[in-house]
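UniProt numbering puts the first residue of the sequence shown at 1, with every later residue one more than the last. Down below is the structure, laid out as structure tokens.
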Amino acid sequence: MDPRSEVLLRQAKLFDGPVLLAGLPADGLLGELPEAQGWSWLQHEQLALEARYPGRCQFGTQVPAQAFVGAVLFLPKSRELTDYLLAALAARLPAGTLWLVGEKRAGIERAAKQLEPYGRPRKLDSARHCQLWQVTVAQVPAAPDLEALARRYPVATANGELQVVSLPGVFSHGRLDVGSRLLLEHLDGLPQGEVLDFGCGAGVLGAALQRRYPASRLHLLDVDAFAVASSRLTLAANALPGSVQAGRGIADAPHELAAIVSNPPFHQGVHTDYQATEQLLREAARHLRPGGELRLVANSFLRYAPLIEQHLGPCRVLAERDGFRVYSARRG
């Protein structure tokens with residue numbers, strides 16, 4: 001059981017009735033709170049919960065439509081995403097109760113101040129290196145417009161400027177990260193056909209690929225609903241075609257791909273997690289056609305080359321700068 005869930009269960013009577021658990025972990029909490037419903041924006045966690053508790057956890061960027069008398073927000077990593085989620089939940093809870101739970105190392109005490117626009121927050125519990133806060137919603141906000149919260153910024157590429165649209169919670173929100181910048185400079189010579197931007201984030205790599213290789217068919221895949229929405233907005237802002245989908249990881253990607261391009265994620269909330277990237281390296285060959293290429297950027301300290309060579313083939317380093325490397329390997 002996740003320690004945040006354990007803290008909630010110490011106060012289980014508070015969560016009797018139709019309570020919404022927003023951003024809940026994929027553990028047994030729903031089984032302990034039989035009237036609660038879940039809402040997740042991470043596809044792998046939502047699918048795990050749906051398999052265990054059918055019909056009790058929804059996926060997406062918007063608060064589920066069903067009625068609830070209170071809501072618990074499991075603190076996400078992003079402050080901007082926390083602001084959006086608290087406002088979206090509070091808008092549905094006039095005179096209702098809103099709880100915030102999170103780990104101390106994730107900044108729960110600081111984040112608790114984000115409850116202040118809605119009422120007077122108070123700390124209910126502190127255990128398992130976590131805290132639980134509560135506010136009764138006295139000041140009800142208007143439901144936030146997610147798209148209005150987007151940050152838009154230009155990115156220069158070899159094939160012209162792109163407009164990137166980034167939503168709260170998306171990796172490198174509102175700016176181009178160093179790794180993606182390096183990879184954007186090394187997109188030449190890719191095989192054309194079906195091309196995947198894996199872990200697409202705000203869609204900057206996918207948009208650049210479609211601009212450079214207009215005859216290719218672009219796919220974008222991410223586990224995060226906010227990233228999927230961002231990528232769709234980025235493609236629309238640049239009048240570019242492409243198929244954007246949520247997925248658990250490389251297992252949900254198309255097959256017979258000409259190329260997989262990625263600045264793969266390695267964080268899950270405040271935790272470091274390389275599982276999705278390592279699975280990509282192990283399984284990429286199954287999704288590439290013969291001669292298809294995997295090209296990715298990663299921190300230089302990560303020893304990805306041996307894993308790539310073990311599962312795909314000879315690995316080349318195309319570039320190295322600012323603590324990042326661009327790797328390339330083709331399926332034999």
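Positions of the beta carbon are idealized from the N, C-alpha and C atoms, including for glycine.
Under 8 Å between C-beta atoms of residue i and residue j
i, j, result
"Pro121", "Trp133", "yes"
"Val90", "Val137", "Reading off the sequence, residue 90 comes out as Ala, not Val. In contact: Ala90 and Val137 (Cβ atoms closer than 8 Å)."
"Leu240", "Ala215", "no"
"Gln131", "Gly102", "yes"
"Phe198", "Ser262", "yes"
"His287", "Ile250", "yes"
"Leu190", "Arg289", "no"
"Tyr153", "Gly119", "no"
"residue 333", "Pro64", "Because the chain in this structure spans residues 1 to 332, residue 333 falls outside the shown range and cannot be described."
Nearest candidate by alpha-carbon position, reference residue i, set the options
i, options, result
"Arg248", "Arg10, Gln46, Gly38, Leu24", "Gln46"
"Gly315", "Glu103, Pro3, Arg331, Pro265", "The amino acid at residue 315 is misidentified as Gly; the sequence shows Cys. When only C-alpha atoms are compared, the closest one is Arg331."
"Ala148", "Ala158, Asn159, Ser166, Gly160", "Ser166"
"Ala227", "Leu183, Gln275, Arg211, Phe171", "Phe171"
"Gln11", "Leu49, Gly119, Trp99", "Trp99"
"Gly160", "Leu221, Val261, Asn238, Leu49", "Asn238"
"Gln210", "Val195, Asp177, Arg4", "Val195"
"Thr277", "Ile260, Arg289, Gly291", "Ile260"
"Ser126", "Gln139, Gly119, Glu109", "Glu109"
"Ala253", "Ala284, Gly242, Ala65, Tyr153", "Ala284"
"Val178", "Leu221, Ala65, Lys123, Val297", "Val297"
"Val135", "Leu146, Leu176, Ala111", "Ala111"
"Asp145", "Tyr53, Gln62, Tyr274, Gly242", "Gln62"
"Lys13", "Tyr304, Pro141, Leu124", "Leu124"
Cβ-based neighbour list, residue i, same chain, cut-off 6 Å, excluding 5 preceding and 5 following
i, result
"Val223", "Leu42, Gln43, His44"
"Leu33", "Phe15"
"Leu81", "Pro168, Gly169"
"Leu307", "Leu281"
"Gly60", "Ala225"
"Thr234", "Val164, Val165, Ala202, Gly203, Ala207"
"Arg128", "Pro3, Glu6, Val7"
"Ala143", "Ala91"
"His255", "His287"
Delimiting residues of the alpha helix (DSSP H) encompassing residue i
i, result
"Gln279", "275-287"
"Leu81", "79-90"
"residue 400", "With the chain represented from 1 up to 332, any question about residue 400 goes unanswered, as that position is not in the structure."
"Pro306", "305-311"
"His44", "43-52"
"Ile260", "Taken as a continuous stretch (DSSP letters only), Ile260 belongs to no alpha helix (DSSP H), being part of the beta strand (DSSP E) at 257-262."
"Leu30", "29-32"
"Gln210", "204-212"
Exposed unless 16 or more other CB atoms sit within 10 angstroms - verdict on residue i
i, result
"Glu320", "exposed"
"Phe301", "exposed"
"Glu293", "buried"
"Gln58", "buried"
"Asp188", "exposed"
"Gly23", "buried"
"Ala329", "buried"
"Gln114", "buried"
"Gly291", "exposed"
"Gln139", "exposed"
"Pro264", "buried"
"Ala51", "exposed"
"Ala36", "buried"
"Ala236", "exposed"
Own chain partners of residue i with C-beta closer than 8 Å, once the 5 adjacent residues on each side are dropped
i, result
"Arg232", "Gly203, Val244"
"Ser230", "Ala150, Val165, Ser166, Leu167, Val170, Gly201, Ala202, Gly203"
"Ala67", "Pro18"
"Leu49", "Leu24, Ala26, Leu30, Gly38, Ser40, Arg56, Cys57"
"Leu73", "Ala22, Gly23, Thr82, Leu85, Leu86, Leu89, Leu98, Trp99, Leu100, Val101"
"Val270", "The predicted model places Val270 with a pLDDT of 45, which falls under 50 and marks its position as unreliable, so this point remains unresolved."
7 Å Cβ shell around residue i - same chain, five flanking residues per side excluded
i, result
"Gln268", "At Gln268 the pLDDT is 49, less than 50, meaning the model places this residue with poor confidence; the figure from the coordinates comes in the next sentence. Hits under 7 Å: none found."
"His186", "Leu318, Ala319, Val326"
"Leu9", "Glu32"
"Arg181", "none"
"Gly96", "Val69, Gly70, Val137"
"Gln192", "Tyr213, Ala215, Ser216, Ala258"
"Gly28", "Met1"
"Thr157", "Leu184, Ala208, Arg211"
"Gly313", "Ala329, Arg330, Arg331, Gly332"
"Tyr304", "Leu281, Ala298, Tyr327"
Span of the beta strand (DSSP E), counted from its first residue to its last, around residue i
i, result
"Val19", "19-22"
"Ser126", "122-127"
"Leu183", "Element bounds for Leu183: not the beta strand (DSSP E) but the alpha helix (DSSP H), 178-184."
"Phe198", "194-198"
"Val165", "160-166"
"residue 337", "No statement about residue 337 is possible, as the shown extent of the chain runs from 1 to 332 and does not include it."
"Gly119", "No beta strand (DSSP E) holds Gly119; DSSP gives it neither H nor E."
"Thr157", "151-157"
"Glu147", "Here Glu147 belongs to no beta strand (DSSP E), and DSSP marks it neither H nor E."
"Ala225", "Unbroken run through Ala225 is the alpha helix (DSSP H), 225-237; no beta strand (DSSP E)."
C-beta neighbour in chain B for residue i, strict 8 Å
i, result
"Leu183", "Chain labels in this structure do not include chain B; a single protein chain is all it has."
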